[in-house]
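What follows is a single structure, written as structure tokens, with notes after it.
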Amino acid sequence: MLYEVVTWSAAADKDGKHQDRKAVGMKVMVLGKDGKWHTAAQVWNVAP
């Protein structure tokens with residue numbers, strides 16, 4: 111099993127207004143019998 115915790119951000123201009131977006135997320139992966147990693151759970155949310 112492995113897990114990944116991420117934070118990300120993006121910025122863009124829309125209609126002349128600057129907008130910032132931030133989010134956090136987590137993914138849990140398990141190694142399958144086929145030797146490949148498979149996502150077991152994934153969650154993300156917009157950061158406050």
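Numbering (this note's numbering), first residue to last: 111 to 158. Yeah, the Cβ is synthetic: ideal placement off N, Cα and C, and Gly gets one too.
- In this chain, the beta strand (DSSP E) harbouring Lys124 covers Leu112 to Lys124.
- According to DSSP, residue pairing for Asp130 in a beta bridge involves Ala121.
- In this model, Tyr113 and Lys137 are separated by some 6 Å (Cα to Cα).
- In this structure, the CA atom of His148 is about 10 Å from the CA atom of Met111.
- For Ala151, the enclosing beta strand (DSSP E) stretches over residues Trp147 to Val156.
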